Structure formats: structure tokens, C-alpha cells
Amino acid sequence: MNVTTRDIDGTMVVRVQGRLDTATAPSLETTCSELIESGAKRIVVEMAQLEYLSSAGIRVVLASAKRMQAGGGRLTVCGAEGMVLEALQLSGIPEIIPVCPTLDDALDEA
Amino acid sequence: MTRTLLDREWSGGTAGDVPAIVEQVADVVAAAGMPAERVLRVELAVEEAAVNVCKHGYDNELGWLRVRVWRDNGEITVELSDRAAEFDPLSQDPPDLTSDLNHRAVGGMGIHLIRSVCDRVEYAREGHHNILSMVFEIAPSA
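For the record, the sequence lines run as chains R and W. Each residue of the first sequence is one higher than the one before, counting from 1 in this note's numbering. Each residue of the second sequence is one higher than the one before, counting from 1001 in this note's numbering.
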């Protein structure tokens, strides 16, 4: 899995590519933790190029969203399709974290 | 007619070996003709089940695990057997999917995902083994 971060007008966009599973989730956790600790107020996790997502990745997204909310910030997800979107939906994520179709939608939302 | 697609044992590994197990199952299931998007759901179920064995059975190690995959007409069965203490994952309470972000538990989703993506799932305790059988139709039913 690849994790890359870029700053778009103050929103930290974290792009995950490949497979977000039990082996790779710690890498996303590290990235999100560093962003939160450095004071990021808006994080978008971009999943358009994510092929596979398991509960280990969902756990990181959920835990990071909780930390963001506790600090007055916000985490948003975008671009999920197919199996990745299905895993988010089965886990009840769209009811508590904004899940946007595109990055543009997420940037508006964020 | 039943045809075995994979029968392998792992022991002495760690939870880090789970992706390799998932990959082997995915390869044989794809070769059996399952569409790619459905194979990903099999991968999800196998990962969640194997991680669960490591967490609940072997204190985050892999311990001993046997993975068998077979095809029976239009169905694929993936069976995981372990020698850990008796643990029926299907007896666990379903996760709370209604509370708000603040109160939502971050874990406990694995079994729920397994139940959701499998067409059938069964648990049995046989001798000293926990046996989890997950059944998937190769093609979506009409």
C-alpha cells in the first residue's frame, strides 16, 4: 500500500492506494496520528485507488475520526467504490463519517 | 462433485503471515472462475477469520492453522481449523452500528463482516479444533 499526503488549501488529503489490510493499516495509522498531532483540523482520506479494505483499515479511519472530532476537527472519506465502499457501508461508517463520491465533494464538505 | 483447491497448514508464524494466506486462497478461488469483485469478498472473510484466530486463539501469533478450500458445484467453501481454546465467533454479539461517532466502538467488526459477505457460515468444535466454514457462491444467484 502507498500512503501519500498533500495539503490542499489547509485540508490534509491522505491518499491510500492498493490494499488497506491488517498488514498495512499501521502505516495509515502513523500518518493520521502525525497529522493530528501536528494540529491538522481537516483530513480527507482519499480511497479512489484503494482496491481492498478490511476491518483493520476501518478501525484506523474510525479511531482517527474520533480523535479529530475530539479536537474540534473533522475527518472525511472520499472516492470509495466497489468492495471498499461495501466494507464501509457494512460497518456503518457512512452514518457517522462523511463518505463523499469525489475528492471535490470531500473538499467542499471538509 | 467436490474438488479440493487448496489444503495447507501454517504453524509458528505471526499475524503478519495473514496476507499471504489470503493471497493463496484468492488465487485458487479466482482460478475456479469466481468474478474478481466477489473474490475480494472472499479475501475479506478469510482475513477477518484468520486475524480472529490469531487474536482470540493464539495471543496475536498465528499458531497452527489449516486452510482448506474446495469447490462443490457452484459453491466454494473455505474452511479454517485451529487448535486454540474453544471459541465460537458466531456466538459474539453483533456490533453496535447505531451510536454516534463519539460512542461508536472502533473494533468488533470482523465477525460482522464475515457474516455479511458469506452466503453461509458455520462454526463447529471438533475434538481440539475450532472449525469455521465459510461458503460462497461462485457467481451471484439470479
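In this text, a Cβ means the ideal position worked out from N, Cα and C, and glycines have one as well. Because the structure is a prediction, the values reported are computed rather than measured.
Taking a cut-off of 8 Å for Cβ pairs, the region 99 to 109 of chain R and the region 1087 to 1098 of chain W do not touch, as fewer than three such pairs fall below it.
Following the DSSP letters along the chain, one finds residue 78/R in no alpha helix (DSSP H) but inside the beta strand (DSSP E) bounded by residues 74 to 78. For a Cβ distance threshold of 8 Å, residue set 1101, 1102, 1104, 1106 of chain W lies close to residue 66/R, ordered along the chain. In the DSSP annotation of this structure, residue 1104/W is not part of any alpha helix (DSSP H), being labelled neither H nor E. For residue 96/R, the closest Cβ of chain W is nearer than 9 Å. Bridge pairing for residue 1070/W: 1004/W, 1077/W [DSSP].
Sixteen is the threshold: since fewer than 16 other Cβ atoms of the shown chains lie within 10 Å of the Cβ of residue 1011/W, the residue is exposed. Under the rule that a run must span 4 or more residues, the alpha helix (DSSP H) segments found entirely inside the region 1083 to 1133 of chain W read 1110 to 1117. With a minimum length of 4 residues, the unbroken runs of alpha helix (DSSP H) contained wholly in the region 22 to 99 of chain R fall at 25 to 37, 55 to 70, 82 to 90. Exclusion of the five residues before and after residue 1060/W leaves 1014, 1015, 1054 as the residues of its chain whose Cβ lies within less than 8 Å of its Cβ.
Only those residues of the region 1027 to 1041 of chain W whose C-beta falls short of 7 Å from the nearest C-beta of chain R are listed: 1037, 1040, 1041.
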